[in-house]
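Undergrad:
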Ligand SMILES: NC(=O)c1ccc[n+]([C@@H]2O[C@H](COP(=O)([O-])OP(=O)(O)OC[C@H]3O[C@@H](n4cnc5c(N)ncnc54)[C@H](OP(=O)(O)O)[C@@H]3O)[C@@H](O)[C@H]2O)c1
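In my numbering, the protein residues as written are 362 to 717.
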């Protein structure tokens, strides 16, 4: 039996923040006790501060809570801070909360690649949480990051394949088709995306090339030894509301078998499944054999948005190399953000990393 933790959500009125409200308001380990928005909405009730846009009703017990600007002094008594702030302000605010002594679990990009900051996908790299032990040199609290949403979906899909083929992957090419919600509530105008595809997302291709190498790397006392992996990505924005789709092409040396790949993907499980953590999906990866799946509208909500879908597995060969192709799809604001981060906090509690 886990005792309950009082939590705050920074950026609670944004698209990721709303997912936190949805997930945490029905969570048996966590009580939402504080919410933040941008400073201009300070003092408003949540129902008046938010443009609720994720379907369903605002949870009743949250709707009348007041929102505050994200200053540590407004959040005393909180055990855990979930942070979903825009990049421009997250650097200072996440750091300020960690300096103040809070355990901060955050979705934004600043600090993700710092040597002492765990970049977590709980099924893939649970031992990376050990890095928080080295953070006492920097903060009174802790700072733990969730990867970029597309990095999370891709890395979850490639981990069971790496488990099977080891060092055999020579090169990975990715083409993404990312949902509008990935850009935040005010990120894209309807005129820009309606009837359109935008063939570039700023900074996204660099994140996809780097973050999976850290997540799939080896924990070494006070840092991560990055995995050698050549990743080249083209990222695009498409008129889909939620769910990022990735076409993956991996060039692999040696013999591989498509049935074995499909088996490794669908059998994949990690520590969250062993520990039966509340937000853990039963199967983090669902494999589709049907030729017309996965599709964002049909498959993004698998296991409450916490499972990714993989389909269109294909193999071609030339000489000693094989080309493995597949399509992966995952929910960007749930598995790619709030859901992954809540699962990380559950893991940190279950493995004894949380201090109050
Ligand atoms: N969307 C995704 O799929 C996704 C996935 C993974 C990671 N992320 C990352 O998660 C973070 C949040 O993304 P999002 O999509 O939820 O963004 P969003 O919809 O734009 O929400 C941003 C939130 O931050 C608040 N905020 C804005 N300016 C602020 C300021 N100056 N000071 C304090 N708070 C401020 C907003 O409050 P107001 O309502 O008052 O403006 C809102 O609550 C970003 O760093 C993003 O890169 C997003």
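Built from N, CA and C at the ideal position, the CB exists for glycine as well.
With H, G and I counted as helix, E and B as strand and the rest as coil, what does DSSP make of residue 444?
TA: strand
Undergrad: Could you pull out every residue in the same chain whose Cβ sits closer than 8 Å to the Cβ of residue 682, ignoring the five residues on either side in sequence?
TA: Same-chain partners within the cutoff: 531, 612, 613, 614.
Undergrad: Is residue 388 helix, strand or coil by DSSP?
TA: coil
Undergrad: Would you check if the distance between the CB atom of residue 384 and the CB atom of residue 632 is smaller than 8 Å?
TA: no
Undergrad: So, is residue 507 buried or exposed, given that buried needs 16 or more other C-beta atoms within 10 angstroms?
TA: When all chains shown are included, residue 507 counts as buried.
Undergrad: Relative to ligand 1, is the shortest distance from any of its heavy atoms to the C-beta of residue 702 smaller than 7 Å?
TA: no
Undergrad: Check whether the region 685–705 and the region 604–611 are in contact - that is, three or more C-beta pairs closer than 8 Å.
TA: yes
Undergrad: I'd like the list of long-range same chain contacts for residue 365, defined as Cβ closer than 8 Å, with 5 residues on each side in sequence excluded.
TA: Only 389, 390, 391, 392 meet the Cβ criterion.
Undergrad: Is the closest heavy atom of ligand 1 to the C-beta of residue 400 under 7 Å?
TA: yes
Undergrad: In its own chain, which residues sit with a C-beta less than 8 Å from the C-beta of residue 404, not counting the 5 before and 5 after it?
TA: 427, 428, 429
Undergrad: When every heavy atom of ligand 3 is checked, does at least one fall within less than 7 Å of the C-beta of residue 502?
TA: With respect to small molecules bound, the structure shown includes ligand 1 and not ligand 3.
Undergrad: Sorry if obvious, but does the Cβ on residue 483 come closer than 7 Å to a heavy atom of ligand 1?
TA: no
Undergrad: Considering only C-alpha positions, which residue in the set 425, 671, 577 is nearest to residue 652?
TA: Residue 671 is the option with its Cα nearest to residue 652.
Undergrad: Between residue 666 and the rest of its own chain, which residues show a CB-CB distance below 7 Å, the 5 nearest in sequence each way excluded?
TA: The residues are 692, 695, 696, 700.
Undergrad: Suppose you measure from the CA of residue 565 to the CA of residue 596; what does that come to, to the nearest Å?
TA: 7 Å
Undergrad: Would you kindly check if the distance between the Cβ of residue 502 and the Cβ of residue 450 is under 8 Å?
TA: no
Undergrad: Once DSSP output is grouped into helix, strand and coil, what is the label at residue 584?
TA: In the three-state scheme derived from DSSP, where H, G and I count as helix and E and B as strand, residue 584 is classed as strand.
Undergrad: Between which two residues does the beta strand (DSSP E) holding residue 687 run?
TA: 682–691
Undergrad: Would you list the one or two residues that DSSP bridges to residue 596?
TA: 537
Undergrad: Could you check if residue 431 belongs to the surroundings of ligand 1, using beta carbon to heavy atom distance under 7 Å?
TA: yes
Undergrad: Hey, would you say the C-beta of residue 470 is under 7 Å away from at least one heavy atom of ligand 1?
TA: The answer is yes for residue 470.
Undergrad: Relative to the C-alpha of residue 542, which candidate in 706, 363, 534, 661 has its C-alpha closest?
TA: 661
Undergrad: Do the CB positions of residue 544 and residue 601 come within less than 8 Å of each other?
TA: Not a contact, by the Cβ cut-off of 8 Å.
Undergrad: Spatial neighbours of residue 436 within its chain, please: CB distance less than 6 Å, with the 5 preceding and 5 following residues excluded, ordered by chain position.
TA: Hits under 6 Å: 369, 395.
Undergrad: Which ranges does the beta strand (DSSP E) cover as unbroken runs of at least 3 residues, wholly within the region 389–434, from first to last along the chain?
TA: 391–397
Undergrad: Mind reading off the beta-carbon distance from residue 599 to residue 538? Whole number of angstroms is fine, and I expect it under 8 Å.
TA: 4 Å
Undergrad: On a CA-only basis, which of 374, 380, 400 is nearest residue 410? Give me that one, please.
TA: 374
Undergrad: Taking the alpha carbon of residue 488 as the reference point, which residue from 505, 498, 472 has its own alpha carbon closest?
TA: 505
Undergrad: Rounded to whole angstroms, what is the Cα-Cα separation between residue 619 and residue 500?
TA: 47 Å
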